[in-house]
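Below you'll find the structure, written out as structure tokens, and then a few comments.
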Amino acid sequence: MTLKKTNPDFLNGVPELLVLQLLDRQPLHGYDLVQAIRTASDGRLDFGEGCIYPVLHRLEAQKLLVSKRELVAGRNRIVYRLTKQGQRRLVDARAAWREIVTAVGAMLEGNEHARPALA
Amino acid sequence: MPDPHWHSRLVEALHREGLPDAYVDRLVEELSDHVTDFFEETMSMDARDEVESRLGTPEYLAATARAEFQRRTFAGRHPIWTFLAGPPLAIVGTFLLMLLAFLGVYELVNWATGGSLTANEATHTAPSALELALIHGSDLAFSFLPYALPACLFARLARRTGRRDWGVAACSLLAVLALCYWSVIEQRPDRHGVWIMGFFCWPGLRQLAQAAVPLALAAWLAGLPTRGGRRLIIAHEQG
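Structure follows, in structure tokens:
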């Protein structure tokens, strides 16, 4: 298995992955991004919507996104776009997530090797 | 229009986390836009009560903002390396740079005075006033700058990364190291001058003066409220 010893982004990386994935399709502002996550997950991913902005700001500081003020529907908005660096990060994040899902899936299928020897 | 109570609690919580003012301003602006969008979408009289459950409590948002803000930079992610291992390295780096600058200035003065400095040294002549001023000035610079400059650097870094506590630790460490540095310039009977410097934990008045800048910056970081924090304090005092 190619997973690292620890997966610090196991849970922390989820909002980042969702944001990068959605912005890869089209530029969005914060509110639209939250609605897009809700729609894409059929409302199953529910979280404090305000938390998306600190994530966006960090990704922008890491040059994975760029932001620009634009007039959208008559209002001045901060619209986010993915950079080339962000696209590369998205490819890596997708691969890492699939590895984690595969590993957890194997665990949940409950093979005998995963059981404690004392049982 | 966001609920003023929720808005002011949010601003207060963000400042309490020690986040920079510019960051707080931008985050609050975007969250206020988000709330406006939410009101426009729901068109409900109860929308105002739902803001907190949809966006998160101000305390939760502020904690998230702080965690994300600190993940942005190396200093934020690795405070031990930056603020504890960094100061001794910064002192050595500053010291070496100053040594190079001192040698450069010495050569420049020597060249400008027609080689008088090297001639004095070779003939064991008493140092000139210019030479004494150069040596004593450099001694003062070496006593203060290797501690004061890194202290300014780490204080600034701590503010920019939202790691004020670590900035206090870095400046305190620099102050302790400044307390240990001593130097002495002696004129020997053979007219050879010696300049000795070293580390020894026996602080005197001069060592206390050397530690003053890092200590002052540590105290400033520990106690200084942000611009937004000051506004909140004033608003609280006014009623």
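Those protein sequences? They're chains D and W, same order as listed.
Each residue of the first sequence is one higher than the one before, counting from 359 in my numbering.
Each residue of the second sequence is one higher than the one before, counting from -15 in my numbering.
The beta-carbon is built from N, C-alpha and C at its ideal position, and this holds for glycine as well.
Is it right to say residue 450/D is buried, meaning 16 or more other beta carbons lie within 10 angstroms of its own, or is it exposed?
Here the question's residue 450/D lines up with position 92 in the first sequence. Exposed.
With DSSP collapsed to three states, give me the class of residue 144/W.
Walking along the second sequence from the start, residue 144/W turns up at place 160. Helix at residue 144/W.
Determine which residues of the stretch 44 to 61 of chain W have a Cβ less than 8 Å from any Cβ of chain D, and write them out in chain order.
So the list reads 44, 45, 48, 49, 51, 52, 53, 55, 56, 57, given in the order they occur along the chain.
Which chain D residues are close to residue 18/W, counting only those with a beta carbon under 8 Å from its beta carbon?
Indexing the second sequence from 1 puts residue 18/W at position 34. Simply 388, 389, 392, 407, 408, 411.
Can you grab the Cα-Cα spacing for the pair residue 416/D / residue -8/W, in whole Å?
Working through the first sequence from its first residue, we reach residue 416/D at position 58. Working through the second sequence from its first residue, we reach residue -8/W at position 8. Approximately 24 Å, taken between the alpha carbons.
Out of 196/W, 26/W, 115/W, 149/W, which has the shortest C-alpha to C-alpha gap to residue 129/W?
Working through the second sequence from its first residue, we reach residue 129/W at position 145. Nearest of 196/W, 26/W, 115/W, 149/W to residue 129/W, Cα basis: 196/W.
Check whether the Cβ of residue 49/W sits closer than 6 Å to any heavy atom of the ligand HEM, and report yes or no.
Looking for the ligand HEM in the displayed structure turns up nothing, as the structure carries no ligands at all.
Starting from residue 183/W, trace the beta strand (DSSP E) both ways and give me its first and last residue.
As a first step, residue 183/W must be located in the second sequence, where it is residue number 199. Looking at the DSSP string, the run of the beta strand (DSSP E) that includes residue 183/W is 177 to 183.
Mapping DSSP to helix, strand and coil, what is residue 378/D?
Taking the first sequence and counting its residues from 1, the one referred to as residue 378/D is at position 20. Note: residue 378/D maps to helix in three-state DSSP.
Just to check my reading of the structure: residue 3/W and residue 49/W have Cβ atoms closer than 8 Å, yes? What is that Cβ distance to the nearest angstrom?
Taking the first residue of the second sequence as position 1, residue 3/W is located at position 19. Taking the first residue of the second sequence as position 1, residue 49/W is located at position 65. The pair is a contact, with the Cβ atoms about 6 Å apart (cut-off 8 Å).
Under the three-state reduction of DSSP, which class applies to residue 426/D: helix, strand or coil?
Position 68 of the first sequence, counted from the first residue, corresponds to residue 426/D. Correct three-state label for residue 426/D: strand.
Compute the distance between the beta-carbons of residue 71/W and residue 157/W, then report whether it is under 7 Å.
Here the question's residue 71/W lines up with position 87 in the second sequence. Here the question's residue 157/W lines up with position 173 in the second sequence. Against a cut-off of 7 Å, the Cβ pair of residue 157/W and residue 71/W comes out as a contact.
What number of angstroms, rounded off, separates the C-alpha of residue 205/W from the C-alpha of residue 198/W?
Locating residue 205/W in the second sequence gives position 221, counting from the first residue. Locating residue 198/W in the second sequence gives position 214, counting from the first residue. Spanning the two alpha carbons is a distance of roughly 11 Å.
In chain order, what residues of the same chain lie with their CB nearer than 7 Å to the CB of residue 365/D, ignoring the 5 residues before and after it?
On the first sequence, residue 365/D is found 7 positions in, with the first residue counted as 1. Here residue 365/D scores only 48 on pLDDT, less than 50, and its place in the model should not be relied on; the value that follows carries that caveat. Counting only Cβ-Cβ distances below 7 Å, and skipping sequence neighbours, we find 458.
Closer than 8 Å by beta-carbon distance: list the chain W residues that pair up with residue 416/D, in chain order.
For the purposes of this step, residue 416/D is taken as the residue at position 58 of the first sequence. By Cβ distance, chain W contributes 52, 53, 55, 56.
By DSSP's criteria, residue 440/D is part of a beta bridge. Which residues make up the other side?
Position 82 of the first sequence holds residue 440/D. The partner list for residue 440/D (beta bridge, DSSP) reads 423/D.
Could you compute how far the alpha carbon of residue 389/D sits from the alpha carbon of residue 60/W?
In the first sequence, residue 389/D corresponds to position 31, counting from 1. In the second sequence, residue 60/W corresponds to position 76, counting from 1. Rounded to the nearest angstrom, the two C-alpha atoms are 28 Å apart.
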